[in-house]
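Below is one structure; the comments refer to it alone.
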Amino acid sequence: MTTTGTHDITRRGILAGGAASVAVTAIPAVDAAPSPAAAPSMATVRLDVNGTRRTLSLDTRTTLLDALREHLQLTGTKKGCDHGQCGACTVLVDGVRINSCLTLAVMHDGDKVTTIEGLGTPGKLHPMQAAFVAHDGYQCGYCTPGQICSAVAVLNEIKAGIPSHASVSLTERPTASNAEMRERMSGNICRCGAYSNILEAMTDVAEARA
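Mapped onto the numbering used here, the consecutive letters of the sequence shown carry residue numbers 52 to 261.
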């Protein structure tokens with residue numbers, strides 16, 4: 052469409068001009084001097100880690116996983132998904148397994164934390180560590196610390212009579228059957244697929260305990 056005046060006006064030109072005006076007005080104003088970020092809230096956290104009392108000054112947003120890895124240099128505990136889905140960060144807190152990436156360090160002030168480094172040493176392996184070696188319960192090894200910590204806790208859960216979805220009933224004491232151990236270990240993912248070897252290692256330890 053055109054006009055008979057000195058300027059030619061087209062529909063395309065009108066639309067383009069209107070879009071440019073909207074874009075300019077939509078740009079938010081930028082402060083010349085943005086306010087500085089507030090200082091993080093800090094807290095003193097006391098943890099009993101692998102039998103040693105540790106005192107840390109931490110940002111209250113620090114996860115237990117980051118406290119162990121970044122502040123205590125206990126890098127055996129792995130950061131996998133950081134969303135509590137793979138189990139690589141599994142540790143024992145007061146004997147109970149947890150995903151350390153999903154909990155804040157300040158929530159465990161005074162707690163007893165056991166990582167893979169605290170289960171055994173190269174010269175004196177924990178029975179579960181020795182069984183994983185004997186049955187090749189790992190390949191790349193990345194998930195292995197979490198797998199071992201979880202496996203230790205699983206046998207303790209069964210011994211304590213804590214039921215699972217695979218238990219026969221809520222009243223009968225569960226046994227270390229394949230179904231029980233597979234169900235209880237389902238939160239620990241092995242990308243290399245060493246599940247059958249892990250199960251064999253756990254079975255050996257369970258039978259030795261019996």
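Positions of the beta carbon are idealized from the N, C-alpha and C atoms, including for glycine.
Residue closest to residue 6, alpha-carbon to alpha-carbon, out of 221, 122, 148 and 100: Because the chain is modelled from 52 through 261, residue 6 falls outside the range shown and cannot be assessed.
Neighbourhood of residue 194 by C-beta, 6 Å cutoff - its chain only, sequence neighbours within 5 removed: 139 and 241
Spatially closest choice to residue 135 from 150, 156, 124 and 165, by CA coordinates: 150
Pair within 9 Å by beta-carbon distance, residue 201 and residue 148: yes
Bounding residues of the beta strand (DSSP E) (the contiguous stretch that carries residue 94): 93-100
Segment contact, 8 Å Cβ cut-off, at least three pairs: the stretch 152-163 with the stretch 96-115: yes
Top-ranked residue by Cα proximity to residue 143, from 115, 133, 132 and 221: 115
Short Cβ contact (9 Å threshold) for residue 168 with residue 131: no
Runs of alpha helix (DSSP H) lying entirely within the stretch 138-217, each at least 4 residues, in chain order: 167-170, 178-185 and 195-211
Where residue 254 falls: helix, strand or coil (DSSP): helix
Neighbourhood of residue 102 by C-beta, 7 Å cutoff - its chain only, sequence neighbours within 5 removed: 169
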